[in-house]
Amino acid sequence: MKSGKHQLILATDTAPLTPASSAALGSAALMHAVASHGGAWVAAGAAKESAWLKSVPVDSTDMATHRDGYCAQTLAPAYFGHHAATLSQDEQWQKAHHIISGQYADTIASLAAPGAAVWIHDYPLQLVPGLLRHLRPDLRIGFSLHSPFPPAQTLQAIAEREQITTSILAADLATFTDARSAANFAACTENETGTPLVMPMPADAHAIAHAAATATARTAAGQIRARLHPATTVFLSTGGTDSGDGTIAVLNAFAQLLDGRALQAGTAVLIHLAPTGEPPAGENGALRHDIERLTAQINGKHATVGYVPVHYQRQDLSEAERAAFYLAADVMLATPVRDRMTPHAAEYAATRESGHGRVVLSEFSSSQAQLPGAIIVNPHEPGALEQAMLTAAAQAATASPVMKTMRAQVHTNNVTAWARRFLHTLTDGTMLNPPEHADHQTITPRRSASARQRKEGKQHHAQPTGTGQLATSAHP
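Per our numbering, the sequence shown starts with residue 641, numbered consecutively.
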């Protein structure tokens, strides 16, 4: 197959800077990595192509079936909910998923230079590494899963489970968001991978801190606090219609604190930010209804003239608007009830220049290593979330070395360093330099069979059965 000219290809399910993109919060840093190597970002639906942004030619019907059918109704329930009983499967969805995956592989194969590095992102594109390996065995293929990987009993319910695991194994480097997901994948592949690399994507700390330092964001934060007067403690949480985000648990905990007068009505406010998204249906629609109902109940019971305890805002916010809410909040609540990435907690920490504020973090967050000093809680433990909220509220007004250390950590281990480290590992050090952090363990990669054959000058034309990346790391 004829090769292209790009030494680096990055592939995502949607175009960069699109809120729905798996890599949306790190788009700026990833675009810089692509541009610095004369690379190309490949995505379906790219409105306007450029020297670095390339569109995958897809049929709109196939794309809608792939995204709204197979990804949303088959994969998402399995990956995010771990509920085999609730996922739906359809032959037409599977066919569209294969068509889209094949078109991605064809596009990448035509753009990549000989021996180029290819970085594929998240579960909608998880069949691409295997297809691409068959087309271009010379490429260095990396795959980052930004969602949890389900346990074996849930994956077993997916008809294409073998294609999924075989494709991920075809990558020279595969990374997961948390240790549980890595262990699930190892179990599903009978430990063919050894210990997969845990490497969650951090927040783009520099970008959000820059936005928070602007007069616009600081003025907006002041206006938010003024509108919330006389409240003296502002809690902030984020989440959409994913039950794993733990929004219901946060609302229930806040209600318990107001009901028991541990928090005095009029002095504490909870702001919950949710993306607009598509109108949810089924389980997600029921969850939104429950969130809105519970919000109304709390406000109906505790609101007074001039005081509303829960502010539920469903809108897509710009970076500057998010920064304003971070600056206005005293306590950030990032308390998912299942394994989840919590980039907004790291963004919040990045804005705390004064050292004021606190972060309450779930044991199920993949950000624990990045946020030392956060108040860690198991949201399933009765009363634990309420106590953590009270502790954070009592400490938030006092500047603390803990928050300054947390802020320094997220600025050091940011998405730019993460991208450098991934590409350095994928290319055996030939592309970019890794960040120099004393707390990172040395990565000693063991390449897949296809990668070893490339080094030995052999060709590999069969479907892959390699072992993928073997490494361990306790840090993002």
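Don't be surprised by glycine CBs; every beta carbon is placed ideally from N, CA and C.
None of these values were measured; they are calculated from a predicted model.
- Thr806 counts as buried, since at least 16 other C-beta atoms from the protein chains shown sit within 10 angstroms of its C-beta.
- In this structure, DSSP gives Lys735 a helical state, which the three-state scheme calls helix.
- One thing to note: Leu898 has its Cβ within 7 Å of the Cβ of His942.
- For Pro754, the enclosing beta strand (DSSP E) covers residues Ala752 to His761.
- Note that the C-beta distance between Leu973 and Ser1040 is not below 7 Å.
- The way I'd put it, the stretch 836–844 does touch the stretch 1050–1059; three or more beta-carbon pairs between them come closer than 8 Å.
- Each residue's CA atom was taken as its position, placing Ala853 and Asn939 some 33 Å apart.
- Gly770 and Ala736 do not touch by the CB rule: their CB atoms are close to 17 Å apart, not below 8 Å.
- Within its own chain, the residues whose Cβ lies closer than 8 Å to the Cβ of Pro949, once the five positions on either side in sequence are excluded, are Phe894, Leu898, Ala905, Ala908, Val909, Leu910, Ile938, Asn939, His942 and Ala943, listed in chain order.
- Positions of the alpha helix (DSSP H) runs, each at least 4 residues long and wholly inside the stretch 1001–1082, are given as 1024–1035, 1041–1052 and 1055–1066 in order along the chain.
- When secondary structure is reduced to three states using DSSP, Phe720 falls in the helix class.
- Within the stretch 773–848, the runs of beta strand (DSSP E) at least 3 residues long that lie entirely inside it are, in chain order, 780–784 and 813–816.
- Pairing Val758 with Leu775 gives a Cβ-Cβ distance that is not under 7 Å.
- The beta carbon of Thr815 lies closer than 6 Å to those of Ser784, Leu837 and Met839 in the same chain, with the five residues before and after it left out.
- Residue Thr887 holds the alpha-carbon nearest to the alpha-carbon of His1020 among Thr887, Pro870, Thr856 and Asn924.
- C-alpha of Arg773 to C-alpha of Val874: approximately 50 Å in a straight line.
- Per DSSP, reduced to three states, the secondary structure at Met671 is helical.
- Here the C-alpha atom of Asp702 lies approximately 13 Å from the C-alpha atom of Asp730.
- Rounded to whole angstroms, the gap between the alpha carbons of Lys694 and Ile739 is 18 Å.
- Ala651 is bridged by DSSP to Val682 and Ile760.
- Between Ala655 and Ala683 the beta-carbon gap is near 4 Å, inside 8 Å, which marks them as a contact.
- In the DSSP assignment, Val971 falls within the beta strand (DSSP E) that extends over Val971 to Ala974.
- The beta-carbon separation of Phe720 and Asp882, rounded to 6 Å, stays under the 8 Å limit for a contact.
- Under the Cβ criterion (8 Å, minimum of three pairs), the stretch 643–653 counts as touching the stretch 741–758.
- Residues Thr982, Ala985 and Ala986 of the same chain have their beta carbon placed closer than 6 Å to that of Ser1007, with the five preceding and five following residues left out of the count.
- Shown here, Ala908 sits in a strand according to DSSP, grouped into three states.
- When DSSP states are grouped into helix, strand and coil, Val948 belongs to the coil group.
- According to the DSSP secondary-structure assignment, Lys645 is paired through a beta bridge with no residue.
- Cβ contact annotation for Arg865 (same chain, cutoff 6 Å, sequence separation greater than five): Ala968, in chain order.
- Arg980 sits in a strand when the DSSP states are folded into three classes.
- Nearest C-alpha to Glu800 among Ala718, Thr747 and Met1071: Ala718.
- Short of 7 Å from the beta carbon of Ala745, and not among the five residues preceding or following it, lie these beta carbons of its own chain, in chain order: Val768, Leu771, Leu772 and Leu775.
- DSSP places Ser695 in no alpha helix (DSSP H) but in the uninterrupted beta strand (DSSP E) bounded by Leu693 to Val696.
- In the structure shown, Gln953 adopts extended strand secondary structure according to DSSP, grouped into three states.
- Secondary structure at Ala851: helix, using DSSP grouped into helix, strand and coil.
- Cys711 has its alpha-carbon roughly 31 Å from the corresponding atom of Ala963.
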